[in-house]
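Inspection log for the structure reproduced underneath, given as structure tokens.
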Amino acid sequence: NPFVEIKVFNASQLPVTVVDTGLTENVTYTYGVMAVTAVGNSSLSSTIDIKTTVAFKALGTMAPPTVDQLTTSSARVQWTAPSPVGTLPVLNYLLYYGPSDGVWTSVLNKTANELSHTFSSGLCGGDNRTVKIEVTNTGGVRRNSSAVNFTLPLGVPPAPPAPTLLTKNDTAASLSVPKFVGTCSNGAPITSYQLRRRTTGGFTAVLNLTVASNPSFPVVFNDTGLTQSTEYKYTMVVINSIGTSAESSILTFTTDVTPVAMGTIAAAPTAKTLTDKSITIEWQAPNPVGTTALTKYEVRHGASASALTTVVDRGLPTPLEYTLASLCGNTTRFFRVIVFNADGFNASSPIANF
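If you read the sequence shown in the working numbering, its first letter stands for residue 593, the second for the next number, and so on.
Here's what the structure looks like:
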């Protein structure tokens, strides 16, 4: 018989209230009544089940958060639920964050299921930060953890801005080296700048600037002894006591082609065909033609070498020839060819006569 007698009372006392004590929380108990007479006991009445309630527990304390996965630009904060959570469930967590305890620059609202957060912006190597956690349950009760301080590790500086090209020619280039203007050098001051150049293979340093020398930025660097019509690449790094930054974006350009002056027309024009009424002359292009494009040939002719008074603009004919017609037989004519280029320079051939 699983039933235990908990109260005996006389019939004259009915109705009676029975208080059962010493029970266990959150357990179902079954109750019934039995009549006791001189000749014996009755059977048990119908029963009722009564389940005891859960004892109310207050919201416990919050342990300090932990901070790990520290880099020069990020940190992870983790925390655990209050101990004990209490009877009422957790509503949310507030993550307080700032430079020191009580100076909070941001407060992040986290759900009851979120127990971590990673800060990944606005941080720099060597920064000191403070965090704490506040928990609130559905009854509005709050508990705060103690504050935890952490310091981000020192690191190399971020990549600096790239150099810029000012001027260039076939054998030299002038570059502007900018100052590193970032607010974060990851906890260790920048001590030097390095300009690097590459044609093929890896980069090599062509300029080293120490901050101690107090250079005036932007620094102009003239790189000489370059090869014509060659692609060059330049990049920048900055250095602090921890090490060397990543390289900046790359400046790329190709040096100019070395200009070649227009040469002379070494030979006098020659007669291609002669008749009693016409002369067709031909001539050679200047050697070398030069870097600058040719614009035209002029054929000058006359009755004597000192009187080449007729000027004929031939442009750039193909082939290089000119026919003078309507002549009388047994007539001598003198010819000279002059070539011009886009820079305004010209060269003359020797004079020929036919």
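The beta-carbon is built from N, C-alpha and C at its ideal position, and this holds for glycine as well.
Keep in mind it's a predicted model, so treat the numbers as computed, not measured.
Cα-Cα, which of the options is closest to residue i?
i	options	result
T703	T730, A944, S692, V723	T730
S768	G774, F795, L799, K724	L799
L757	V740, V748, P810	P810
S896	Q876, F927, L919, V812	F927
N922	T846, S898, I943, D868	D868
K649	V677, P909, D641	V677
G907	T887, L919, G894, L916	T887
A917	V669, S870, A673	S870
G817	R721, A939, R789, Y914	R789
V600	L615, T924, G624	G624
A780	G794, P749, F772	P749
T915	G793, F946, V849, L615	F946
T977	Y621, P691, Q661, S638	Outside the displayed range of the chain (593 to 946) lies residue 977, so it cannot be described from this structure.
R668	G793, A939, S713	S713
N761	T802, K771, G747, T819	T819
Please classify residue i as buried or exposed, where buried requires at least 16 neighbouring CB atoms within 10 angstroms.
i	result
R734	exposed
S777	buried
K724	buried
I873	buried
V659	buried
A627	exposed
V727	buried
Q786	buried
N832	buried
N955	Only positions 593 to 946 of the chain appear in this structure, which leaves residue 955 out of reach.
A934	exposed
L606	exposed
P942	exposed
S837	buried
I598	exposed
G717	buried
A797	exposed
I782	buried
L937	The residue asked about is misnamed: residue 937 is Phe in this sequence, not Leu. Its Cβ having fewer than 16 others within 10 Å, F937 is exposed.
The beta strand (DSSP E) spanning residue i covers which residue range?
i	result
I873	871 to 874
F540	Outside the displayed span of the chain (593 to 946) sits residue 540, for which this structure offers no information.
R721	720 to 729
S948	Residue numbering for the chain in the displayed model covers 593 to 946; residue 948 lies beyond these limits and cannot be assessed.
L799	796 to 802
K599	Here K599 belongs to no beta strand (DSSP E), and DSSP marks it neither H nor E.
R925	Run containing R925: none; DSSP gives neither H nor E here.
N832	823 to 832
T791	From DSSP, T791 is part of no beta strand (DSSP E); its letter is neither H nor E.
F913	Residue identity differs from the one stated: residue 913 is Glu in this sequence, not Phe. Start and end: 913 to 916.
F813	811 to 816
N736	734 to 736
T850	Neither: T850 is in no beta strand (DSSP E) and is coded neither H nor E.
Determine whether the Cβ of residue i lies closer than 8 Å to any Cβ atom of chain B.
i	result
R668	Of the chains in the structure shown, none is chain B; there is only one protein chain.
I'd like to confirm something about residue i: is its beta-carbon nearer than 7 Å to some heavy atom of the ligand NAD, or not?
i	result
L606	For the ligand NAD, the structure offers nothing, since it holds no ligand at all.
Stretch-stretch touch, CB-based, cutoff 8 Å, three pairs: the stretch 604 to 617 with the stretch 629 to 640: These segments do not touch.
Completely contained alpha helix (DSSP H) runs for the stretch 760 to 787, where each covers 4 or more residues: The stretch 760 to 787 contains no complete alpha helix (DSSP H) run of 4 or more residues.
Inside the stretch 622 to 707 only - beta strand (DSSP E) runs reaching at least 3 residues: Within the stretch 622 to 707, the complete beta strand (DSSP E) runs of at least 3 residues are 640 to 643, 658 to 660, 667 to 670, 682 to 690, 698 to 703.
Cβ contact check for the stretch 679 to 691 and the stretch 704 to 717: 3 or more pairs under 8 Å: Cβ pair count under 8 Å is three or more, so yes.
At least 3 beta-carbon pairs within less than 8 Å: the stretch 879 to 886 vs the stretch 850 to 859: A contact exists between the stretch 879 to 886 and the stretch 850 to 859.
Inside the stretch 866 to 908 only - beta strand (DSSP E) runs reaching at least 3 residues: Listed in chain order, the complete beta strand (DSSP E) runs (minimum 3 residues) inside the stretch 866 to 908 are 871 to 874, 886 to 894, 902 to 907.
Cβ contact (3+ pairs, closer than 8 Å) linking the stretch 829 to 842 and the stretch 857 to 867: These segments do not touch.
contact_flag[the stretch 732 to 752, the stretch 648 to 656] where n(CB pairs < 8 Å) is 3 or more: Yes, the stretch 732 to 752 touches the stretch 648 to 656.
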